[in-house]
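Have a look at the structure below before the remarks.
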DNA sequence: TTGTTAGTGGTGAAAAGTGGTGAAATATGT
DNA sequence: ACATATTTCACCACTTTTCACCACTAACAA
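Residue numbers (this note's numbering), protein chains in the order written: chain C, 475 to 620; chain F, 475 to 620.
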């Protein structure tokens, strides 16, 4: 399971390294695509195909009604890590996530999210101020399940 | 059952030792994550998985409410103790809990909380001065905010 | 005291992160 | 189509960080 968060540098040309802790689980062939809240998603090839094929499991392509599937599919790039575990974030994706010098790689279960460092810190503050709401929402989710 | 509290030093680089009394119950593989009121939580791997189930996170799917995933999974780090029972507290977590030279490890049933010593002492004083209020609010089933 | 366990500092080899480079691939202009 | 310019990317080399140990000191019980 992908958990925790790690900081890595992004070069002017968008080159960055996947944190070592995530490499074994993501493997060398990875899909990178646009995520929600101005993030990027990194998903292993296996997990990607699983998501696309498993119709009943609320695949990642069905998001919100208004959001076209091509948001994710149309912005997905296959990448292969070099021997140092690095790759280049496509320019359009870098712009979408407003990634500058420092990026934060966040493990969120089955995927890794990439955040611009400044935005991640802001988001952390927001989360910290709303812990109770978040926890409550989890509690109510649970009641809905059998 | 994890109970009592113990003081341990934290090095400049964030290295500290789990109090010996807690080691057997936590075992060597531990999860450290953000807790409430600027504390950190230490829980055994087993307990972690149990908690994930009860809280009903769905890490295998890109779920709709993304905040809980990011808060809980994104701030959880797996750690392994060395032969002296020590580990390094990730920088971002140290900052969250404002941990400086001295840390207090507090056993709270199924988890251990880590406090900055100064903050722990303040909190103890607050508790001492407000025991009656707290007990009363518990009796009337209300929440008390510090 | 003496033996045993817990806590703490230090260290060096290994791992991870980062910058640079040149051949190969791709794009561009004529 | 060909020549030239530009970009890409696989690899090398260097720097920084991490972490598994060793060794000493403090606390404590017999």
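We put the CB at the ideal spot given by N, CA and C, even for glycine. All figures in this text were calculated on a predicted structure; none of them were measured in a lab.
DSSP places residue 528 of chain F in the uninterrupted alpha helix (DSSP H) bounded by 519-529. Apart from the 5 residues on each side of it in sequence, residue 554 of chain F sits with its Cβ closer than 8 Å to the Cβ of 502, 503, 504 and 561 in its chain, given in chain order.
The segment 585-619 of chain F contains, as complete beta strand (DSSP E) runs of 3+ residues, the segments 585-590 (chain order).
A direct Cα-Cα distance of roughly 57 Å separates residue 605 of chain F from residue 549 of chain C.
With a threshold of 8 Å between beta carbons, residue 549 of chain F makes contact with chain C. Closest option to residue 572 of chain F, judged by alpha-carbon separation, among F/479, F/484 and F/480: F/484. The Cβ-Cβ distance between residue 518 of chain F and residue 547 of chain F does not fall below 8 Å.
Around the beta carbon of residue 513 of chain C, 16 or more other beta carbons sit within 10 angstroms, so the residue counts as buried.
Listed by position along chain F, the residues whose Cβ is nearer than 8 Å to that of residue 479 of chain C are 548, 549 and 566. Shown in chain order are the members of the segment 500-528 of chain F whose Cβ falls below 7 Å from a Cβ of chain C: 510. Shown here, residue 546 of chain F sits in a helix according to DSSP, grouped into three states.
Cβ contact annotation for residue 509 of chain F (same chain, cutoff 7 Å, sequence separation greater than five): 515 and 587, in chain order. Under DSSP, residue 483 of chain F shares a beta bridge with F/576. A Cβ of chain C is located within less than 8 Å of the beta carbon of residue 543 of chain F. For residue 491 of chain C, the enclosing beta strand (DSSP E) starts and ends at 489-491. Proximity to residue 576 of chain F across F/476, F/489, F/482 and F/475 peaks at F/482, based on C-alpha coordinates.
A Cβ-Cβ distance of about 15 Å is found for the pair residue 591 of chain C and residue 491 of chain C, leaving them out of contact under the 8 Å criterion. Taking 8 Å as the cut-off, the Cβ atoms of residue 582 of chain C and residue 543 of chain F count as close. Annotation for residue 601 of chain C: 608 place their beta carbon closer than 8 Å to its own, counting only its chain and skipping 5 residues before and after. The distance from the Cβ of residue 478 of chain C to that of residue 563 of chain C is about 20 Å, inconsistent with a contact at the 8 Å cut-off. In terms of beta-carbon proximity, residue 540 of chain F lines the interface with chain C, with at least one pair separated by less than 8 Å. Listed in chain order, the positions of the segment 570-601 of chain C with a beta carbon within less than 7 Å of a beta carbon of chain F are 580, 581, 582, 583, 584, 585 and 601. The C-alpha of residue 475 of chain C is placed about 25 Å away from the C-alpha of residue 568 of chain C. Within the same chain, and ignoring the five residues on either side of residue 551 of chain F in sequence, the residues whose Cβ sits closer than 6 Å to its Cβ are 506 and 564. Taking residue 480 of chain F as reference, the option from F/594, F/611 and F/612 with the minimal CA-CA separation is F/594.
Contact annotation, residue 521 of chain C with residue 584 of chain C: C-beta distance approximately 5 Å; criterion of less than 8 Å satisfied.
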